[in-house]
Amino acid sequence: MAPRDAAKNRTPSHDWAPETLLVHGGQLRSGFGETAEALFLTQSYVYETAEQAEARFKDEEPGFIYSRFSNPTVSMFEERMRLLEGAEAARATATGMAAVTAALLSYLRAGDHLVAARAMFGSCRYVVEELCPRFGIAATLVDGRDIGAWRKAIRPSTKAVFFETPANPTLEVVDIAAVAELAHAAGALVMVDNVFATPLLQKPLRLGADVVIYSATKHIDGQGRCLGGVVLCSEKFLKDHLHTFLRQTGPSISPFNAWVMLKGLETLPLRVEAQCARAARIADWLAERPEIARVLYCGRTDHPQAALIERQMSGGGQVVTFDIAGGRPTAFRFLNALKLIRISNNLGDAKSLITHPATTTHQRLKPEARAELGIGDGMLRLSVGLEAVEDLTADLEAGLAAAAG
Ligand SMILES: *Cc1c(COP(=O)(O)O)cnc(C)c1O
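Going by our numbering, 288 is the number at position 236 of the sequence shown; the sequence numbering is gapless.
Structure, rendered in C-alpha cells:
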C-alpha cells in the first residue's frame, strides 16, 4: 500500500459505540489484507520519485516521511484514541510524562502564568513547579477542590490551567466544568490529566476541557508492558502548538509500544469494568475493618466529594486508597506480609499492585507538602487488578494479621 492510499484504507467509524470503536476504529489495512493491525517497525519511508519526496516535505501530498513525525502503527493508535475521546486530534508520545511536558511546553512561553492543582503525580509537580519557572512560566498551585482558590489564582496572564482528577493518591476530585468556566473567562486553556478516570469513566472534553492527557502506560496497556502517552486536543491546538513541538523535539512513541497500546484498547472496556467492580468490593471490605482508619474510593458514598463524582464520572475507578492505623511501621509490616498483591508504584495493571506513597511516589515532596495533600505515613494506594476478589481479600486479611503482629 502506498502511504498516500493510507487514508482510503482506514476502517470507517460511523456511529459505533465505544466497544466497537476500540476493536475496529482507525485500522489501516495494508495490501496484504491482514486481520490484526500490522506493526510497522520502520524508521523511514521510500518515495517513488524525487518529485514525490519534495511534495511530501512541502506537505503537498499526504504520506509518511519519518517515524519521528508519524508511523502507520502509531497513527492507528492515535486515531483509535481520537475516536474514543471524541477529540479533533490525537498525538501519541513515548510516555505519559512526555505527553504532559509537550502539552504544557508547546503552548506556554516566558511571561505566561499557569495554575495547577497541587494534588498531582510527582513528576507533573516537577514539570509545573521546577521546569516551567526555569523558562519564565510562573506557576501557582492551588487546592484543586476549592473553586474559590482557582478564582483567586487565575489572572490576566494565566494561559493555562492543569490538573489531574481524580488525583494520585488521595483521589481528590476537581470540578472540571466549574474550573473550565473560570479559565475560559480569563482566556486560559484547560488541560486535564485523565489517567485515573481512564477514557471510559470521564469525558473532560464534554465538560469543557481543551486538552486531555493520558499515560497509556496505565490502563490502556493494562498489562504492565510498555510505556506510552497521548495528547488529545483541537485541530487548532495541534496545528498552532503541538505538531511542530513533537516533530522537532522527538518524544515519539516506539511503533512497537503503540501496537501494544492499540491492542490494549480492544479490551479496555472489559478490563476497566471488571477492575472497577473488584475495587468497589475491596473498598467496602476494607471499610469494615477496624485496623483501617479511612478508606478513599471514588465509588463510595462516603467519599468527601461524592456528589461531584456522581456528576462527572460514570464509575469509581480501580484505585483504592486507605490509611492503616499505626503509621509507617504497621504499613510496612502489612506490605511485607502480602503474597499476591505486589509492592509496586505502577497502576492500572491486570495484577493488583500496592504502594506506600509517602516513601515512594511522593517521597520527593517535603513533609509539609505531603501533610498539605493529606498523604500520611499510614496511607497505602492499592491498584486493583483482575484477580478473584476472594484471593485479594484473603491476602489483605493475612497482611492485616501480620501488621497487628
Ligand atoms: C503514571 C502517570 C503519569 C506519567 O505517566 P508515564 O507513562 O509513567 O510517564 C502522569 N500522570 C498520572 C496521573 C499518572 O498516573
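Think of the CB as a built atom: it goes at the ideal place given N, C-alpha and C, for glycine as much as any other residue.
The structure displayed is predicted, hence computed values, not measured ones.
Member of the options whose CA lies at the smallest distance from the CA of residue i
i, options, result
"LEU241", "VAL263, PRO321, ASP111 and LEU348", "VAL263"
"PHE374", "ARG380, TYR349, LEU444 and PHE121", "TYR349"
"PRO218", "ALA446, LEU405, ALA141 and GLY367", "GLY367"
"CYS285", "GLN104, GLY138, SER82 and GLY85", "GLY138"
"LEU322", "ALA456, ALA402, VAL372 and LYS288", "ALA402"
"LEU279", "GLN364, ARG120, PRO303 and GLU287", "PRO303"
"GLY400", "ARG352, SER267 and SER127", "SER267"
"VAL347", "GLY369, ARG416 and LEU432", "LEU432"
"LEU320", "THR250, GLU181 and GLN254", "THR250"
"ALA310", "PHE214, PHE129 and THR153", "PHE129"
"VAL152", "PHE215, ALA105 and GLU86", "PHE215"
Assumed close pair residue i, residue j - CB separation to whole angstroms, cut-off 8 Å
i, j, result
"GLY148", "GLY281", "4 Å"
"TYR178", "ALA212", "That pair is no contact at about 17 Å."
"VAL436", "GLN327", "6 Å"
"GLY430", "ARG380", "7 Å"
"ASP227", "LEU360", "6 Å"
Delimiting residues of the beta strand (DSSP E) encompassing residue i
i, result
"THR210", "210-216"
"TYR266", "263-267"
"ILE334", "Not the beta strand (DSSP E): ILE334 falls in the alpha helix (DSSP H), residues 307-339."
"MET243", "241-245"
"ALA389", "No beta strand (DSSP E) holds ALA389; the alpha helix (DSSP H) holding it covers 379-389."
"VAL283", "281-285"
"ARG433", "431-435"
"THR125", "Looking at the DSSP string, THR125 is not in any beta strand (DSSP E); the run it does join, the alpha helix (DSSP H), is 124-137."
"THR192", "190-194"
Residue i classed as buried or exposed, judged by whether at least 16 other C-beta atoms fall within 10 angstroms
i, result
"LEU290", "buried"
"PRO356", "exposed"
"ALA69", "exposed"
"PHE84", "exposed"
"HIS66", "exposed"
"ASP111", "exposed"
"LEU448", "buried"
"VAL98", "exposed"
"ALA144", "buried"
Opening and closing residue of the alpha helix (DSSP H) in which residue i lies
i, result
"THR445", "441-456"
"ILE361", "358-364"
"HIS66", "From DSSP, HIS66 is part of no alpha helix (DSSP H); its letter is neither H nor E."
"ALA402", "No alpha helix (DSSP H) contains ALA402, which DSSP labels as neither H nor E."
"HIS236", "228-237"
"PHE374", "That residue, PHE374, is in no alpha helix (DSSP H); its beta strand (DSSP E) goes 371-376."
Notebook entry, point to check: Would you say the segment 374-384 touches the segment 259-278, given that touching needs at least three Cβ pairs under 8 Å?
Noted result: Counting Cβ pairs under 8 Å, fewer than three are found: no touch.
Margin query: I'd like to know if the segment 440-450 and the segment 182-202 are in contact, where contact means that at least 3 CB-CB pairs between them fall below 8 Å.
Written below: The answer is no - the segment 182-202 does not touch the segment 440-450, with fewer than three Cβ pairs under 8 Å.
Margin query: Measuring CB atoms only, is the segment 124-138 touching the segment 152-166, in the sense that at least three cross pairs come out at less than 8 Å?
Written below: Short answer: they don't touch.
Check: Below 8 Å, can you find three or more Cβ-Cβ pairs linking the segment 224-234 to the segment 111-130?
Finding: No, the segment 224-234 is not in contact with the segment 111-130.
Margin query: Could you check whether the segment 73-90 touches the segment 120-130, counting it as contact only if at least three pairs of C-beta atoms, one from each stretch, sit closer than 8 Å?
Written below: Pairwise C-beta distances place the segment 73-90 in contact with the segment 120-130, as three or more of them are shorter than 8 Å.
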